[in-house]
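Shown next as structure tokens:
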């Protein structure tokens, strides 16, 4: 059996969300003209708020608008690396670094599980010392290019728990004790599944849920 520490990324390990900043980072460095499409990006976000599209479709639309329909991994590599460097420099909670070090010292396998696209979250995870990154996958076509289309499910809500369990099964890992960290109530299925739940800088809904369930609440700065 293996003990695990599983971390959400956006606003848990990081202070701020990373998905839209990553797309803007790419647009600024590769095709600044795409910033002219920001009104359409804002329109897609409004469509999500109005529940006309789901979170997965929102991601696909904004990916296509700001990064393009498809990109070769070689084109993405320097963009991913420079964004990871910027994230570690100014968007990681001090408490996250301390928790990762503590969990590793306890012998836990440290895993990131994020709704963000895995192709860039993995770079951040590796630089922070994570053993694995589970995230939303992009379709890699027969042309070996990353497409603006989600492969499988958006790693969010109940789908995140499903993808964690599938990862365990695929790698033949027998679950020991699991500690899970997140800032958001959408991760309730994983919180309930874990042996130890830790609400990190929780928003109001999660703070209320954590108090009701007796989950630990931490401020990571």
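Residue numbers (this note's numbering): 50 to 270. For every residue, glycine included, the Cβ atom is placed at its ideal position computed from N, Cα and C.
>> Less than 8 angstroms between the beta carbons of residue 235 and residue 206, yes or no?
In response: Position 186 of the chain shown, counted from the start, is the residue given in the question as residue 235. Position 157 of the chain shown, counted from the start, is the residue given in the question as residue 206. Yes, the pair counts as a contact, with Cβ atoms nearer than the cut-off.
> Got a sec? Which residues, its chain only, sit under 7 angstroms from residue 180 by beta carbon, not counting five neighbours each side?
Replying inline: Stepping through the chain shown from its first residue, residue 180 is reached at position 131. For residue 180, where only same-chain residues beyond five positions count, the Cβ hits under 7 angstroms are 158, 159, 160.
>> Helix, strand or coil, according to DSSP, for residue 103 in the structure here?
In response: Indexing the chain shown from 1 puts residue 103 at position 54. Residue 103: coil per DSSP, three-state reduction.
>> Going by DSSP in three states, residue 179 sits in which element: helix, strand or coil?
In response: Indexing the chain shown from 1 puts residue 179 at position 130. Three-state result, residue 179: coil.
> What's the gap between the Cα of residue 101 and the Cα of residue 110?
Replying inline: Looking up residue 101 in the chain shown gives position 52. Looking up residue 110 in the chain shown gives position 61. Their backbone Cα atoms lie some 13 angstroms apart in a straight line.
> Would you say residue 97 touches the ligand HEM, meaning its beta carbon is less than 7 angstroms from a heavy atom?
Replying inline: What this structure holds is no ligand at all, so the ligand HEM is not there to describe.
> From which residue to which residue does the beta strand (DSSP E) around residue 205 run?
Replying inline: Counting from 1 along the chain shown, the entry for residue 205 is found at position 156. From DSSP, residue 205 is part of no beta strand (DSSP E); its letter is neither H nor E.
>> Across the region 114-125 and the region 194-210, are there enough close Cβ pairs to call them in contact, namely three or more that are closer than 8 angstroms?
In response: Segments in contact, yes.
> Can you tell me whether residue 259 is buried or exposed, with buried defined as 16 or more other CB within 10 angstroms of its CB?
Replying inline: In the chain shown, counting from the first residue as 1, residue 259 sits at position 210. Burial call: buried.
> How many Å lie between residue 71 and residue 226 at the Cα?
Replying inline: In the chain shown, the residue the question calls residue 71 occupies position 22. In the chain shown, the residue the question calls residue 226 occupies position 177. Straight-line Cα distance between these residues: approximately 33 angstroms.
> What is the residue span of the alpha helix (DSSP H) that residue 165 lies within?
Replying inline: As a first step, residue 165 must be located in the chain shown, where it is residue number 116. No alpha helix (DSSP H) contains residue 165, which is instead part of the beta strand (DSSP E) from 158-166.
> How many whole angstroms separate the CB atoms of residue 185 and residue 164, which I take to be in contact at a CB cut-off of 8 angstroms?
Replying inline: For the purposes of this step, residue 185 is identified with residue 136 of the chain shown, where counting begins at 1. For the purposes of this step, residue 164 is identified with residue 115 of the chain shown, where counting begins at 1. Contact holds; Cβ gap of about 6 angstroms.
> Among the residues of its own chain, which have a CB less than 8 angstroms from the CB of residue 137, if the five just before and after it don't count?
Replying inline: Taking the first residue of the chain shown as position 1, residue 137 is located at position 88. When the five nearest sequence neighbours on each side are left out, the beta carbons in the same chain lying within less than 8 angstroms of the beta carbon of residue 137 are those of 173, 176, 177, in order along the chain.
>> Which residue wins for smallest C-alpha separation from residue 224, given the options 231, 233, 214?
In response: By 1-based counting over the chain shown, the position of residue 224 is 175. Of the listed residues, the one whose Cα sits closest to residue 224 is 214.
>> Assuming residue 51 is part of the beta strand (DSSP E), what are its boundary residues?
In response: The residue given as residue 51 occupies position 2 in the chain shown. Taken as a continuous stretch (DSSP letters only), the beta strand (DSSP E) holding residue 51 covers 51-56.
>> For the alpha helix (DSSP H) containing residue 225, name the first residue and the last one.
In response: Translated into the one-based positions of the chain shown, residue 225 becomes position 176. It is not in any alpha helix (DSSP H) - residue 225 instead sits in the beta strand (DSSP E) that spans 224-231.
> For residue 210 versus residue 239, is the C-beta distance shorter than 8 angstroms?
Replying inline: The sequence position of residue 210 within the chain shown is 161, counting from 1. The sequence position of residue 239 within the chain shown is 190, counting from 1. Cβ atoms of residue 210 and residue 239: closer than 8 angstroms.
> What first and last residue would you give for the alpha helix (DSSP H) that runs through residue 262?
Replying inline: Walking along the chain shown from the start, residue 262 turns up at place 213. Residues 253-262.
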